[in-house]
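Everything on this sheet refers to the single structure shown next.
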Amino acid sequence: MTKSGERKITVALAGNPNVGKSTLFNRLTGLRQHTGNWPGKTVGVARGQTIRPGAVYTFVDLPGTYSLEGASEDERIAGEYLRSGEADCTVVVCDGSCLERSLILALQVLECCDRVVVCVNLVDEARRHGLVPDGEKLSARLGVPVVLTAAGQGEGVEALLSQIAETAAREVCPDRLVWQDPIAQAEQIARECVSGDKTQKAAFRRKVDKLLVSRRFGVPFLFLILFGIIWLTVWGANYPGILLENLFDMGYVGLSTLLKPLPWWLRGVLADGLYATSARVISVMLPPMAIFFPLFTILEDIGYLPRMAFLLDPCMARCGGCGKQALTMCMGLGCNAVGVTGCRIIDSPRERISAILTNAMIPCNGRFPTLILLGGLFFSGTGAALVVASCVALGVTGAMVSSGALNRTVFRRESSTFVMEMPPFRHPRLGQILVRSLLDRTLFVAGRALAVAAPAGVVLWVLSNTTLLQRVTGFLEPVGLALGMNGVILAAFILSLPANELLIPVILMALTRQGNIQAVAGVTQQVLQTAMTWQMGLCTMIFTVFHWPCSTTLLTIYRETGSIKKTAAAFILPTAVGCVLCVMLNLLF
Amino acid sequence: METGLDCLRLGQLATVLEINTDKSLKYRLQAFGFVPGTQVCCRYRTPGGSVTALEFRGTVVALRTRDMQKIRVRCL
């Protein structure tokens, strides 16, 4: 009891992956945790609160697991939390369209927790497939309250809340039930409590899967999808990019007049440093992200990603990895830090490390704009899209070859396995996808980049208006030339360690020396075209793909591995690959 | 007829008899409810045939065909 007389209730949400746990959590708490249709989406523990008259609920969203006793990180986290008894009530979320499997975990939770509510979620999906779970019968069989919900529609959520409050207040029964042979029990209970034709659901999924993972069309279709997404991003980002740039130019003119009365250096710091850098970063990175993230979210939502892992496992197995690594690589296309965190779904610890170390070789959304800009600068039309796509392909090849090398040498090859659930297809909720991916992901990443770009702009302006930047670029010139670039570009790579989006703005600022160039449309292209040859452009693109990960990713790698050595390896490995490739290319020209 | 799970044709039903894979894989399969007595059916294979998607208990789980050799089944 708190002072105000409101009860505080801590509720743990447990359940299999892919049963709509995160959707339910978001419904309950109003938070917008990102959801996706593949096992392992929720990594770590999320907390959220909701207030109802008389009670404050704190929800703890545990990672989805199939069991509580396993060796994986997620299972350990979930099991330990539940056994700690911190939660006043545990909600086991089950899949109404596949109750049998969900109940195996539910029975395990019933054995180790005192106050449990079973939530049969996705009843809408179950109904669509002609299945009717019987809540009352299930409640009688399990001896705990059962609530039927469809979290996507918000159905049954209030009933769940009141049931939680009731259960949390209940006296604890001294002896818990022990379920002999939970798997057989689950099978039996599910048979008794679900009526309807089970074959209907299976028939639908088989029809879709026959197409998407078919032996003949599966792989070509996969590459078509990936290339399509990249092409749409490259092609579609062009126009809004120019529009944004023009808009920011007008803003620049306005700002300059506004700042006229200020001393020259303050004007420079604010308009040329802070404003121009932020504006360039935004106009260069926002459009591709606003296209890429919604498209990728659709793939995630319908459940295509696990199919992708399935199709690519044979290929990854040849590099000593598994299909799940292909999945983390795709996440890396969005953001490498997310890709690194996603590596938790990889079961073998060694494979996981090699996946983490090589993830930064997949060009992320922060580097896409650079590739697109440079590709467009030196190659025309379709050629540009092809060059950008080859850069991505090169990154993927690099990541696979080097993780293969790691798995064969440093990490002595252990027998690897691949076990992955392929969840049922779900209809993408288009409206929600658009809002979620635009507001949550795009603005979040853009905000993070902006938070770095604004102060970096100030520092850059100071650097370029003293002789400091010139001295640094002069110092780096021989190294840069050896790599087929020059001192300015290499310095820009170093200075954009905080965020890859900074690369082009830094190059521009350094090229124009005094930093007083206006962010006029077309000037970006002009300046770069006069300062760079196409060979230089190509080397820069390759180095963009292969160089050290950004600081956010490095921090994430440190957090995930807990080792400075491995973080350093993650820094050195892609850089070394990039250096070798660039030197070779330079010698070729 | 008794055989290894890897020898099953696509779409053929079978009952699991024994799982002789290494412990960690056996355990992970058990968490899915894949134990002796479970009815299983091979659904899809990758082009090279090295990965197979199995359907059991209303779930589809992908597994390497190599690991499936160590799972004995009786065809139905």
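Protein chains in written order, with the working numbering: chain S, 9 to 597; chain A, 30 to 105.
Glycine included, every Cβ here is placed at the ideal spot set by N, Cα and C.
- Residue-level contact check: V99/S does not touch chain A, since none of the beta carbons of chain A fall below 7 Å from its beta carbon.
- In the three-state DSSP reduction, T32/A falls in the strand class (E or B).
- For G62/A, the residues of chain S that pass the 8 Å Cβ criterion are E108, R109, I112, I191, A194, E195, in the order they occur in the chain.
- Among the bridge pairs identified by DSSP, P141/S is matched with V202/S.
- At a cut-off of 7 Å between beta-carbon atoms, A43/A makes no contact with chain S.
- Nearest Cα to W556/S within the set C587/S, R449/S, M544/S: C587/S.
- Taking a C-beta cut-off of 8 Å against chain A, the contacting residues of the region 313 to 335 of chain S are P314, A317, F318, L319, D321, P322, A325, G331, listed in chain order.
- DSSP places T50/A outside any beta strand (DSSP E), giving it a letter other than H or E.
- The DSSP-derived three-state label of D69/S is strand.
- Between K332/S and I354/S, the C-beta spacing is below 7 Å.
- A distance below 6 Å between beta-carbons, with the five flanking residues on each side excluded, links G347/S to the following residues of its chain, in chain order: T336, M339, G340, N367.
- In this structure, the CA atom of C351/S is about 53 Å from the CA atom of P269/S.
- For F426/S, the residues of chain A that pass the 9 Å Cβ criterion are V80, A91, L92, R93, D96, in the order they occur in the chain.
- Look at G87/A: its C-beta is under 7 Å from a C-beta on chain S.
- Interface annotation, E308/S: not in contact with chain A, CB-CB separation never under 7 Å.
- Among the residues of chain S, those whose CB is under 8 Å from the CB of R74/A are R223, following chain order.
- Per DSSP, D132/S is one residue of the alpha helix (DSSP H) stretching across 131 to 136.
- Boundaries of the beta strand (DSSP E) around M428/S: 427 to 429.
- Excluding sequence positions up to five before and after L365/S, its CB lies within less than 6 Å of the CB of A577, A578, L581, all in the same chain and listed in chain order.
- Within the region 427 to 512 of chain S, the runs of beta strand (DSSP E) that reach at least 3 residues and sit entirely inside it are, in chain order, 427 to 429.
- Its Cα nearest to that of C399/S, the residue R375/S stands out among R375/S, F33/S, G389/S.
- Contact between F426/S and A91/A holds: their C-beta atoms lie close to 7 Å from each other, under 8 Å.
- DSSP links K16/S through a beta bridge to V64/S.
- Assignment of E77/S by DSSP, reduced to helix, strand and coil, places it in the coil class.
- DSSP, reduced to helix, strand and coil, places C372/S outside both helices and strands of the structure shown, so it counts as coil.
- Close partners of M430/S in chain A (Cβ separation under 8 Å): A82, V89, V90, A91.
- A residue is called buried when at least 16 other Cβ atoms come within 10 angstroms of its Cβ; N49/A does not meet this threshold and is exposed.
- The beta-carbon distance between A134/S and V126/S, rounded to whole angstroms, is 15 Å. This is too long to meet the 8 Å contact definition.
- Under the DSSP assignment, T336/S falls in the alpha helix (DSSP H) whose first and last residues are 331 to 342.
- By the Cβ test, the region 146 to 163 of chain S is not in contact with the region 204 to 223 of chain S, since fewer than three Cβ pairs between them sit closer than 8 Å.
- Ranking L274/S, L263/S, R288/S by CA distance to the CA of L251/S puts R288/S first.
- It is roughly 52 Å from the alpha-carbon of S105/S to the alpha-carbon of I502/S.
- In the structure shown, T417/S falls within a coil segment according to DSSP collapsed to helix, strand and coil.
- At a Cβ-Cβ threshold of 7 Å, L319/S and A159/S do not count as neighbours.
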